[in-house]
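Okay, structure first, notes after.
2 protein chains.
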Amino acid sequence: MTDHTVKSFQEELDGITASIAQMGGLTEAQLAGAIESVSRRDSELAERTVQEDRRIDTLEAEIEARAVRVIALRQPMASDLREAIAAIKISTDLERIGDLAKNIAKRALVIQGDFDTPVRLIQGIARMGRLAQGQLKSVLDAFSNRDAQAALEVWRGDEEIDEMYNSVFRELLTYMMEDPRTIGVCAHLLFIAKNIERIGDHATNIAETVRYVVTGIPVADDRPKGDKTSSTSVGA
Amino acid sequence: MTDHTVKSFQEELDGITASIAQMGGLTEAQLAGAIESVSRRDSELAERTVQEDRRIDTLEAEIEARAVRVIALRQPMASDLREAIAAIKISTDLERIGDLAKNIAKRALVIQGDFDTPVRLIQGIARMGRLAQGQLKSVLDAFSNRDAQAALEVWRGDEEIDEMYNSVFRELLTYMMEDPRTIGVCAHLLFIAKNIERIGDHATNIAETVRYVVTGIPVADDRPKGDKTSSTSVGA
Chain V
1 MTDHTVKSFQ
11 EELDGITASI
21 AQMGGLTEAQ
31 LAGAIESVSR
41 RDSELAERTV
51 QEDRRIDTLE
61 AEIEARAVRV
71 IALRQPMASD
81 LREAIAAIKI
91 STDLERIGDL
101 AKNIAKRALV
111 IQGDFDTPVR
121 LIQGIARMGR
131 LAQGQLKSVL
141 DAFSNRDAQA
151 ALEVWRGDEE
161 IDEMYNSVFR
171 ELLTYMMEDP
181 RTIGVCAHLL
191 FIAKNIERIG
201 DHATNIAETV
211 RYVVTGIPVA
221 DDRPKGDKTS
231 STSVGA
Chain A
237 MTDHTVKSFQ
247 EELDGITASI
257 AQMGGLTEAQ
267 LAGAIESVSR
277 RDSELAERTV
287 QEDRRIDTLE
297 AEIEARAVRV
307 IALRQPMASD
317 LREAIAAIKI
327 STDLERIGDL
337 AKNIAKRALV
347 IQGDFDTPVR
357 LIQGIARMGR
367 LAQGQLKSVL
377 DAFSNRDAQA
387 ALEVWRGDEE
397 IDEMYNSVFR
407 ELLTYMMEDP
417 RTIGVCAHLL
427 FIAKNIERIG
437 DHATNIAETV
447 RYVVTGIPVA
457 DDRPKGDKTS
467 STSVGA
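Written out as structure tokens, the structure reads:
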């Protein structure tokens with residue numbers, strides 16, 4: 001292998017990593033836009049957020065194609081192979097986060113005209129959203145710095161989002177029961193909260209991938225599961 | 237490369253494919269158990285279904301590790317590489333389907349004591365579930381037969397699940413408004429329906445992967461999106 005080839009291979013991997021950083025930035029902006037369009041009832045921002053998702057989808061397809069090509073043509077070994085595999089996995093998670101954010105923005109559009117929803121509920125969801133934004137930012141930083149310890153902290157932090165989701169879930173159901181006219185809006189808020197909880201899960205996936213890149217240890221199957229709402233019984 | 241090496245490489249790929257088939261079978265059973273435990277209000281079956289998910293998780297980790305190893309050690313080209321990449325992608329989707337089925341079974345456990353829910357709602361969800369089961373079975377067959385045409389039909393069929401989800405969603409909300417005592421149960425049914433809709437999406441992902449394996453064409457970004465409920469406004 002000549003120096004030229006080696007350099008060019010490293011350049012390719014660096015290029016893919018840079019694209020993931022870009023995709024990460026877009027996804028962060030997408031999530032911020034989604035959460036803000038809910039909390040500020042900003043339909044223009046919501047529209048823009050829905051549109052922006054296309055760029056993330058395009059980047060995912062590009063990154064995946066480039067990672068597969070690098071594996072096929074360069075046949076990387078060990079840590080270089082892990083980098084290429086990680087690129088595929090992380091871009092899949094980011095694309096899903098973008099999708100979920102888009103779905104939140106779509107729901108923001110539907111509920112934006114409804115001013116009966118108590119500020120408290122919206123605030124709870126906005127708080128959950130900010131937590132998820134923090135997790136996403138931290139895990140992208142952990143990936144940039146190839147920092148397994150920071151990734152572990154993101155992994156642990158997911159429980160806080162799950163706990164917050166549990167309480168938002170209960171609060172929403174109670175609210176619907178007290179005032180059935182709000183059921184339509186609250187059903188959307190329920191899915192917005194669930195989407196944020198799932199965004200947290202995808203940040204956790206990325207944290208596991210960062211650990212895999214750095215240490216070579218495959219993904220753990222003992223992740224903490226904090227979303228208890230599937231077994232929450234709410235008195236009818 | 238000696239004949240022995242070639243054969244052994246093919247054996248490895250075949251082994252991975254066999255594990256995916258096994259994982260597919262377990263996931264089908266998992267989904268069937270979840271849907272049945274909802275429609276028959278069978279808590280024993282629901283418990284078993286929740287437990288069974290562990291085997292699917294373990295298989296996913298194994299398949300992924302083997303696929304990465306085969307890429308690292310054998311450095312396959314073109315269609316062999318696609319097979320290995322597809323193994324990673326399909327096992328991820330199957331694992332997610334297993335998770336969603338587990339979540340359905342957990343919710344079945346919570347609502348099983350509630351006999352006020354109208355049979356019509358449960359039947360609608362069971363019908364959606366059977367559609368998703370059919371999609372999963374078809375796409376696994378399409379993968380076994382490396383049949384891009386059959387995969388395309390699964391891809392197209394997803395719209396039917398989405399449409400059914402839209403109508404179940406509206407029906408559930410209407411029901412909650414008419415009888416607020418059912419809000420707790422109906423919120424679970426709402427998430428069960430959403431989970432089935434997402435299982436359909438994962439079957440669609442697998443269909444795209446099958447097309448990629450057979451034709452080498454990367455995943456399309458113009459898939460039909462039929463879930464309109466994120467922009468459904470239900471009168472308060």
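Chains V and A, in that order, give the protein sequences. The first sequence: position 218 = 218 (this note's numbering), numbered continuously. Quick note: to get this note's numbering, add 236 to the position in the second sequence (first position is 1). Glycine included, C-beta positions come from ideal geometry on N, C-alpha and C. If you're wondering where the values come from, they're calculated on a predicted model, not measured in any experiment.
Check	Outcome
Under 7 Å from the C-beta of V:Ser231: neighbouring residues of chain A	Lys342, Leu345 and Val346
V:Asp179 - DSSP class collapsed to helix/strand/coil	coil
Partners in chain A for V:Ala32, counting only beta-carbon separations shorter than 8 Å	Going along chain A, no residue has its Cβ under 8 Å from V:Ala32, so there is no contact; the nearest lies around 19 Å.
Selection from A:Glu300, A:Leu262, A:Ile397 and A:Ile361 that minimises the alpha carbon distance to A:Ile321	A:Glu300
Own chain, CB closer than 6 Å to V:Gly129, minus 5 neighbours either side, in chain order	Ile35 and Ile196
A:Gly261 at chain V interface by Cβ criterion, 9 Å	no
V:Lys194 to A:Asn339 span [Cα, whole Å]	13 Å
V:Ile56 and V:Thr27 closer than 9 Å at C-beta	yes
Residue span of the alpha helix (DSSP H) that contains V:Asp80, given as start and end	Ala78 to Ile111
Local Cβ density within 10 Å of V:Met1, reported as buried at 16 or more and exposed below that	Its pLDDT being 45, under 50, V:Met1 is placed unreliably in this model, and the value from its coordinates should be taken loosely. Flag for V:Met1 reads exposed.
Nearest-angstrom Cβ-Cβ length linking V:Ile199 and V:Ala126, presumed shorter than 8 Å	Rounded, the Cβ-Cβ distance is 14 Å, inconsistent with contact.
Interfacial residues, the segment 163-185 of chain V to chain A, with Cβ spacing under 7 Å	Leu173, Met176, Met177, Pro180, Arg181, Thr182, Ile183, Gly184 and Val185
Start-to-end residues for the alpha helix (DSSP H) that takes in A:Arg277	No alpha helix (DSSP H) holds A:Arg277; DSSP gives it neither H nor E.
Chain A within 9 Å of V:Gly137, Cβ atoms only	Checking the sequence, you will find Lys at residue 137 of chain V rather than Gly. No, because no Cβ of chain A sits closer than 9 Å to the Cβ of V:Lys137.
Reference V:Leu13; option with closest CA among V:Gln112, V:Gly124 and V:Leu73	V:Leu73
Assumed close pair A:Glu331, A:Glu296 - CB separation to whole angstroms, cut-off 8 Å	4 Å
The alpha helix (DSSP H) enclosing V:Gln133, as first and last residue numbers	Val119 to Ser144
Cβ-based neighbour list, A:Ser374, same chain, cut-off 6 Å, excluding 5 preceding and 5 following	Val390
Nearest neighbour of A:Ile382, chosen from A:Asp398, A:Ile442 and A:Met400 [CA to CA]	It is worth fixing the name first, because residue 382 of chain A is Arg in this sequence and not Ile. A:Arg382 has its Cα closest to that of A:Ile442, out of A:Asp398, A:Ile442 and A:Met400.
Distance CB(A:Ile347)-CB(A:His424) smaller than 9 Å	yes
Beta carbon proximity, V:Val68 to chain A, threshold 9 Å	yes
Exposed unless 16 or more other CB atoms sit within 10 angstroms - verdict on V:Gly216	exposed
Close-in-space but distant-in-sequence residues of the same chain around V:Leu109 (CB under 6 Å, 5 per side omitted)	Ser43 and Ala46
Short CB-CB distance (under 9 Å) between V:Leu190 and chain A	yes
Interface partners of V:Ile85 on chain A, CB under 7 Å	Val304
Under 9 Å between C-beta atoms of A:Met400 and A:Gly370	no
V:Lys194 - DSSP class collapsed to helix/strand/coil	helix
Close beta carbons around A:Glu426, own chain, < 6 Å, minus the five adjacent residues each side	It should be pointed out that residue 426 of chain A corresponds to Leu in this sequence rather than to Glu. Same-chain partners within the cutoff: Leu408.
Within-9 Å CB hit, V:Met270 to chain A	Outside the modelled stretch of chain V, which goes from 1 to 236, sits residue 270 of chain V, for which no answer is possible.
Supposed close pair V:Ala101, V:Leu31 - CB separation, criterion 8 Å	5 Å
Chain-ordered residues of the segment 141-152 of chain V with a beta carbon less than 8 Å from chain A	none
Alpha carbon of V:Ile183 to alpha carbon of A:Asp398, nearest angstrom	22 Å
Three-state secondary structure assigned by DSSP to A:Gln258	helix
As assigned by DSSP and simplified to three states, the class of V:Ile217	coil
Reference A:Gly475, options A:Ser273, A:Glu395 and A:Ala303, closest by Cα	Lying before the first or after the last residue shown, residue 475 of chain A is absent from chain A, which here runs from 237 to 472.
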